[in-house]
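Input: a single structure, listed below in structure tokens.
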Amino acid sequence: MSKWYIEKGEQGDIVLSTRIRFARNIDEYPFPSKLDIEGRRRVSRAVHDAVMGSSVGSDFSYIEMSSLSRSQAVSLAERHLISPEFACAGEGSALLITNDESVSIMLCEEDHIRIQVMKAGLALHEAYDTADKIDTMLDNSLHYAFDERIGYLTQCPTNLGTAMRASVMLHLPALTKTGRLSALAATISKLGLTIRGAYGEGSGSKGDIFQLSNQITLGITEQAALDNLNAITLQIVTQERAVAAELIKIPTEEDKIHRAFGILKNARLISNDEFMELASLVRMGAARGILDIPIEKINELIVTVQPATINAAQGKSLEPQVRDKIRAQSVREALNNV
Amino acid sequence: MLCQNCKRNEATTHIKRIINGDMAETHLCSSCASQLGYDDVFSGFGINFSDFFGGFLSDTVPSVTTLTTVKRCGKCGSSFHDIVKEGKIGCAECYRTFYDNLLPMLQRIHGRIQHNGKTSLKAGHIQQEESLEEKIERLKNEMNEAVSRQDFEQAAKLRDEIKALESEGGKK
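Chain order of the listed sequences is A and B.
Per this note's numbering, residue 2 is the first one in the first sequence, and the count goes up by one each step.
Per this note's numbering, residue 4 is the first one in the second sequence, and the count goes up by one each step.
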């Protein structure tokens with residue numbers, strides 16, 4: 002089954018994916034940081050029963066986080082199926098995930114319930130509709146912590162209100178290289194949005210991939226937040242395309258793209274950082290029609306050659322150089338057979 | 004730059020932390036970083052954000068904390084001081100218990116304090132207004148607490164409030 006993070010969706014030359022995340026808590030239990038292992042287990046079990054007993058229950062698998070190896074857990078975070086923090090979650094925390102990996106529900110992360118829906122490309126309203134249905138279904142069987150004045154009650158007060166975080170993953174090589182992104186970031190924060198590295202808080206931006214998301218959750222409706230994010234995403238997409246079109250006219254810049262493609266097709270050892278840097282150039286070349294390769298190939302590689310995902314696929318923790326060799330081989334195979 | 008821990012190897016891991024508004028930077032070599040738990044791609048993420056947020060909270064309301072340290076949430080036992088220190092709310096009940104204390108911070112974070120979005124189906128059940136009897140009962144408990152910690156000024160204030168409410172109830 003083709004996963005959402007490989008497919009090319011709306012505005013797919015620049016927008017890799019869309020994510021909607023709802024934070025919810027069950028009224029009768031203290032928030033996760035005040036729960037012991039037994040309490041976390043009870044919460045996870047309660048949500049498990051609510052989901053599995055519903056009409057969509059058969060789509061989900063239930064995974065206890067303590068049953069995963071470190072590589073398996075981090076690999077889930079590399080694919081953005083869980084948050085990086087949740088990869089370290091211990092006993093009592095669990096994950097409900099659909100077979101196509103488009104819906105994941107983290108249990109006892111920062112909040113009791115984190116419903117997350119992912120779609121390829123720009124698809125904010127579609128992703129919202131899916132998340133909304135699951136949320137309403139859970140609301141029917143669980144007693145959510147909610148207050149009419151401040152909305153859904155969350156462990157961190159920054160999420161109060163709708164407790165919805167909507168984000169789009171953007172590939173912005175041209176805006177980054179020309180230094181325009183920092184000016185743009187300042188404007189974006191004035192509009193109630195935030196832009197940061199692909200893995201969220203505290204992460205750098207490998208491969209010129211950024212996450213744009215709504216910041217304010219109290220006092221604004223879900224629809225207004227989505228419309229706002231959608232409009233600004235489209236503006237950034239237009240700007241990135243225009244700047245990229247100018248950039249590739251410069252001979253040295255065009256040359257960099259072809260050289261990057263040459264290295265990726267021939268390297269015998271490649272670190273993740275070098276791969277991400279070159280893949281960004283190649284992806285820009287493919288998006289702008291300089292290189293004749295499907296963009297889905299690069300989307301797929303960006304996910305499958307991440308360190309923990311390689312470890313997880315090999316079933317053991319490998320030395321960095323062994324990984325670099327496997328990575329180089331996967332990249333060569335993918336790019337030479339197109 | 005040399006590692007601040009062993010002072011021998013070149014520092015390759017740089018950690019920035021913000022504690023109560025002050026930024027602290029630490030520079031470590033890879034082996035010291037690994038010993039101190041900063042050894043892999045994600046370990047830097049999961050930590051310290053509560054410190055950061057706690058700092059934010061205490062920066063916002065330093066004066067309120069000293070006044071309310073003794074009041075505790077009836078459900079999870081958190082005091083307002085705990086919430087400020089950890090940067091995390093303990094449970095849904097904490098929001099009700101400390102609503103007035105939290106309000107200025109919420110205003111600072113969000114700008115607006117009126118939810119305007121999807122409503123939980125059970126909203127009606129949670130929103131039950133405190134009846135007059137319940138309020139009197141709660142104030143009596145608070146008064147007894149005040150007496151037991153010898154805060155007679157607060158106790159007298161509560162006694163007057165209870166009297167006023169009781170006469171209001173009598174009129175009805």
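Glycine included, every Cβ here is placed at the ideal spot set by N, Cα and C.
Just so we're clear, the structure is a prediction, and the values are computed from it rather than from any experiment.
According to the neighbour-count rule (16 or more other Cβ atoms, all chains shown, within 10 Å of its Cβ), is residue i buried or exposed?
i: B/L135; result: exposed
i: B/C32; result: buried
i: A/M170; result: buried
i: A/M107; result: buried
i: B/C79; result: buried
i: A/E110; result: buried
i: A/T364; result: Past the edges of chain A, shown from 2 to 339, lies residue 364 of chain A, and the structure says nothing about it.
i: A/D112; result: buried
i: A/H81; result: buried
i: B/I98; result: Reading off the sequence shown, one finds Tyr at residue 98 of chain B, where the question assumed Ile. The residue in question, B/Y98, is buried, as its Cβ has 16 or more Cβ neighbours within 10 Å.
i: A/Y153; result: buried
i: A/K120; result: buried
i: A/K35; result: buried
i: B/K91; result: buried
i: B/C9; result: exposed
i: A/I233; result: buried
i: A/F369; result: Here chain A comprises residues numbered 2 to 339, so residue 369 of chain A is not present and cannot be evaluated.
i: A/V57; result: exposed
i: A/R25; result: buried
i: B/N147; result: exposed
i: A/F87; result: buried
i: A/A95; result: buried
i: A/D274; result: exposed
i: A/Y30; result: buried
What is the rounded straight-line gap between the Cα of residue i and the Cα of residue j?
i: A/E149; j: A/L139; result: 19 angstroms
i: B/I129; j: A/F32; result: Interpretation of B/I129 is limited by its pLDDT of 42, a score under 50 that renders its predicted location unreliable; the figure taken from the coordinates is listed afterwards. Answer to the nearest angstrom: the Cα atoms are 17 angstroms apart.
i: B/N144; j: A/S18; result: 54 angstroms
i: B/E86; j: A/Q240; result: Per the sequence shown, residue 86 of chain B should be read as Ile rather than Glu. Distance between the alpha carbons of B/I86 and A/Q240: 43 angstroms.
i: A/L340; j: A/A199; result: No answer is possible for residue 340 of chain A: the residues shown for chain A start at 2 and end at 339.
i: A/L173; j: A/I15; result: 7 angstroms
i: A/L292; j: A/N338; result: 14 angstroms
i: B/G172; j: A/A51; result: 44 angstroms
i: B/F55; j: A/K250; result: Low confidence applies to B/F55: its pLDDT is 47, below 50, so where it sits in the model is not reliable enough to give any reading.
i: A/T253; j: A/M285; result: 15 angstroms
i: B/M4; j: A/R71; result: 32 angstroms
i: A/N141; j: B/H84; result: 35 angstroms
i: B/H30; j: A/A280; result: 30 angstroms
i: A/N100; j: A/K4; result: 9 angstroms
i: A/I399; j: B/L168; result: This structure leaves residue 399 of chain A out entirely; chain A is present only between 2 and 339.
i: A/Q164; j: A/R41; result: Going by the sequence as given, residue 164 of chain A is Ala instead of Gln. Cα-Cα distance, rounded: 21 angstroms.
i: B/A158; j: A/I114; result: 41 angstroms
i: A/L176; j: A/S190; result: 17 angstroms
i: A/S168; j: A/T188; result: 17 angstroms
i: B/T16; j: B/Q7; result: 11 angstroms
i: A/Q224; j: A/H126; result: 8 angstroms
Using the three-state DSSP reduction, which class does residue i fall into: helix, strand or coil?
i: B/R115; result: coil
i: A/V339; result: coil
i: A/Q12; result: coil
i: A/T19; result: strand
i: A/F211; result: strand
i: A/F32; result: coil
i: A/Y6; result: coil
i: A/R333; result: helix
i: B/M4; result: coil
i: A/H126; result: helix
i: A/V57; result: coil
i: B/K88; result: helix
i: A/E111; result: coil
i: A/A95; result: strand
i: A/H81; result: coil
i: B/A158; result: helix
i: B/F52; result: Caution applies to B/F52, whose pLDDT of 43 falls short of 50 and renders its modelled position unreliable; the value that the coordinates give is listed next. Three-state DSSP puts B/F52 in a helix.
i: B/R141; result: helix
i: A/R197; result: strand
i: A/T177; result: helix
i: A/K326; result: helix
i: B/T29; result: strand
Under 8 angstroms between beta-carbons, which chain E residues line up against residue i? List them in chain order, please.
i: A/P158; result: Here chain E cannot be found, since the structure's protein chains are A and B.
Going by the C-beta, is residue i closer than 7 angstroms to any heavy atom of the ligand ATP?
i: A/S206; result: With respect to the ligand ATP, the structure shown offers nothing to examine, as it has no ligands at all.
In the region 254–321 of chain A, which residue ranges form an unbroken alpha helix (DSSP H) of at least 4 residues, counting only runs that do not cross its ends?
-> Listed in chain order, they are 273–288, 296–305, 308–315.
Between the region 289–301 of chain A and the region 56–65 of chain A, do three or more beta carbon pairs fall short of 8 angstroms?
-> With fewer than three CB-CB distances shorter than 8 angstroms, the region 289–301 of chain A does not count as touching the region 56–65 of chain A.
Counting Cβ pairs, one atom from each stretch, are 3 or more of them under 8 angstroms apart for the region 309–317 of chain A and the region 63–80 of chain A?
-> Contact holds: three or more Cβ-Cβ distances are below 8 angstroms.
Does the region 270–281 of chain A touch the region 322–331 of chain A, meaning 3 or more C-beta pairs lie closer than 8 angstroms?
-> Yes, since at least three Cβ pairs between the region 322–331 of chain A and the region 270–281 of chain A fall closer than 8 angstroms, the two stretches touch.
Could you tell me whether the region 158–165 of chain A touches the region 216–229 of chain A, where touching means 3 or more Cβ pairs closer than 8 angstroms?
-> Here the region 158–165 of chain A lies against the region 216–229 of chain A, with 3 or more beta-carbon pairs under 8 angstroms apart.
What runs of the beta strand (DSSP E), each 3 residues or longer, lie entirely inside the region 131–169 of chain A?
-> Listed in chain order, the beta strand (DSSP E) elements of length 3 or more contained wholly in the region 131–169 of chain A amount to none.
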